[in-house]
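Undergrad:
Residue numbers (the UniProt record's numbering): 1 to 222.
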């Protein structure tokens with residue numbers, strides 16, 4: 001399993017959600033789990049609506065990865081938890097390619113289930129409630145709104161023995177939080193937006209192209 005980075009910086013979660021979804025589809029397609037660089041997105045994807053620690057959108061990040069010809073590894077471009085200048089030498093060592101992204105129909109948990117059955121899906125949610133921040137285990141059904149302020153990744157779904165349906169969600173608050181860095185969020189609720197707005201803006205990366213052959217990074221050069 002790829003290690004968690006603890007992200008408590010407001011508005012940086014879009015990069016973590018994007019990377020988790022790309023790592024997931026790459027693992028499905030290649031049978032290899034490669035840890036990719038959130039920091040490259042923070043430093044280099046600074047056009048349009050993506051502004052590093054000041055916030056961003058997962059679908060725009062997917063398009064950055066497509067346009068730039070891939071994303072480099074975490075080892076090559078490590079996480080620093082702050083904005084920085086784009087290190088193009090490191091960023092140019094691309095290892096995983098995607099071909100774009102697809103938006104899941106908004107406010108449609110049935111469509112979201114169909115997408116999540118095939119691969120991880122990036123979603124926004126309202127995470128301001130203290131109940132979620134102190135979540136430890138179980139299916140979360142606490143109070144929350146639909147002001148999307150946090151990016152997470154749906155990696156699966158299920159149902160408890162008593163029939164409660166839930167999403168399995170990867171967070172970015174460290175492996176000590178929740179259920180080893182993950183949480184279960186109530187699914188199939190009456191509100192069309194889903195619990196905490198999770199069905200409002202889902203998207204996922206598309207991958208059909210093979211990855212480039214590995215290239216040495218600048219840190220290996222003299």
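Ideal placement from N, C-alpha and C gives every residue a C-beta, glycine not left out.
None of these values were measured; they are calculated from a predicted model.
1. May I ask you to list the residues that DSSP assigns as paired with residue 206?
2. Hey, which unbroken runs of the beta strand (DSSP E) at 3 residues or more fall wholly within the stretch 69 to 124?
3. Output the distance between the C-alpha atoms of residue 57 and residue 162, rounded to the nearest integer angstrom.
4. Specify, as a first and last residue, the run of the beta strand (DSSP E) that residue 154 falls within.
5. Taking C-beta to C-beta, are residue 207 and residue 20 nearer than 7 Å?
6. Check whether the stretch 130 to 138 and the stretch 85 to 102 touch, using three or more Cβ-Cβ pairs below 8 Å as the test.
7. Please look up how many angstroms separate the CB atoms of residue 74 and residue 37, rounded, as I've assumed it's under 8 Å.
8. Can residue 188 and residue 82 be called in contact, C-beta distance under 7 Å?
9. On the three-pair Cβ rule with 8 Å, is the stretch 105 to 123 touching the stretch 188 to 206?
10. Among all the DSSP beta bridges, which residues are the ones paired with residue 192?
11. Taking the beta carbon of residue 66 as the centre, do at least 16 other beta carbons fall within 10 Å, making it buried, or is it exposed?
12. Output needed for residue 198: all residues of its chain with C-beta closer than 7 Å, excluding positions within five of it in sequence on either side, in chain order.
13. Mapping the DSSP letters down to three states, classify residue 233 as helix, strand or coil.
14. I'd like the list of long-range same chain contacts for residue 15, defined as Cβ closer than 6 Å, with 5 residues on each side in sequence excluded.
15. Would you call residue 153 buried or exposed, if buried means 16 or more other Cβ atoms sit within 10 Å of its Cβ?
16. Would you list the residues sitting across from residue 143 in a DSSP beta bridge?
17. Can you say whether residue 191 is buried or exposed, counting buried as having 16 or more other CB atoms within 10 angstroms of its CB?
18. When DSSP labels each residue in this structure, what does residue 67 get in the three-state scheme?
19. In the DSSP assignment, find the unbroken beta strand (DSSP E) run with residue 168 in it and report its ends.
20. Out of curiosity, what's the CA-to-CA distance linking residue 61 and residue 88?
21. Spell out the partners DSSP gives residue 57 in its beta bridges.
22. Would you tell me roughly how many angstroms separate the C-alpha atoms of residue 140 and residue 76, rounded to the nearest one?
23. Are the Cβ atoms of residue 150 and residue 13 separated by less than 7 Å?
24. Could you tell me whether the Cβ of residue 25 comes closer than 7 Å to any Cβ of chain C?
TA: A quick look at the data gives this:
1. As a working note, residue 206 is residue 206 in the chain shown. DSSP lists 100 as partners of residue 206.
2. 100 to 103
3. Walking along the chain shown from the start, residue 57 turns up at place 57. Walking along the chain shown from the start, residue 162 turns up at place 162. The alpha-carbon atoms of residue 57 and residue 162 are separated by roughly 36 Å.
4. Numbered from 1 along the chain shown, position 154 holds the residue referred to as residue 154. Taken as a continuous stretch (DSSP letters only), the beta strand (DSSP E) holding residue 154 covers 150 to 159.
5. Here residue 207 is taken as the residue at index 207 of the chain shown, counted from 1. Here residue 20 is taken as the residue at index 20 of the chain shown, counted from 1. Against a cut-off of 7 Å, the Cβ pair of residue 20 and residue 207 comes out as no contact.
6. The stretch 130 to 138 makes no contact with the stretch 85 to 102; the number of CB pairs closer than 8 Å stays below 3.
7. Within the chain shown, residue 74 is the residue found at index 74, counting from 1. Within the chain shown, residue 37 is the residue found at index 37, counting from 1. Right, their Cβ atoms sit about 5 Å apart.
8. Residue numbering aside, residue 188 sits at position 188 when the chain shown is read from its first letter. Residue numbering aside, residue 82 sits at position 82 when the chain shown is read from its first letter. Not in contact: residue 188 and residue 82 (Cβ atoms no closer than 7 Å).
9. yes
10. Counting from one through the chain shown, the residue named residue 192 turns up at place 192. In the DSSP output, where bridge partners are listed per residue, residue 192 has none listed.
11. Taking the first residue of the chain shown as 1, we reach residue 66 at position 66. Answer is buried; the Cβ neighbour count reaches 16.
12. Along the chain shown, read from residue 1 onward, the residue named residue 198 stands at position 198. Correct list, in chain order: 123, 125, 167 and 185.
13. Nothing about residue 233 can be reported from this structure: the residues present for the chain run from 1 to 222 only.
14. Position 15 of the chain shown, counted from the start, is the residue given in the question as residue 15. Within the same chain, Cβ atoms closer than 6 Å to the Cβ of residue 15 are found at 38, 41 and 42, the five residues on either side in sequence being excluded.
15. The residue labelled residue 153 in the question sits at position 153 within the chain shown. By the 10 Å Cβ count, residue 153 comes out buried.
16. Taking the chain shown and counting its residues from 1, the one referred to as residue 143 is at position 143. Looking at the DSSP assignment, residue 143 forms no beta bridge with any residue, so it has no partner.
17. For the purposes of this step, residue 191 is taken as residue 191 along the chain shown, with counting starting at 1. It counts as exposed.
18. Counting from one through the chain shown, the residue named residue 67 turns up at place 67. It is helical.
19. The residue you call residue 168 lines up with position 168 of the chain shown. Looking at the DSSP string, the run of the beta strand (DSSP E) that includes residue 168 is 165 to 170.
20. Reading the chain shown from its first residue, position 61 is the one you call residue 61. Reading the chain shown from its first residue, position 88 is the one you call residue 88. Residue 61 and residue 88: Cα-Cα distance of roughly 17 Å.
21. The count along the chain shown starts at 1 and reaches residue 57 at position 57. Paired residues: none, contrary to the question.
22. Indexing the chain shown from 1 puts residue 140 at position 140. Indexing the chain shown from 1 puts residue 76 at position 76. Straight-line Cα distance between these residues: approximately 36 Å.
23. For the purposes of this step, residue 150 is taken as residue 150 along the chain shown, with counting starting at 1. For the purposes of this step, residue 13 is taken as residue 13 along the chain shown, with counting starting at 1. Yes, these two residues count as a Cβ contact at 7 Å.
24. Absence of chain C from the displayed structure is noted, only one protein chain being present.
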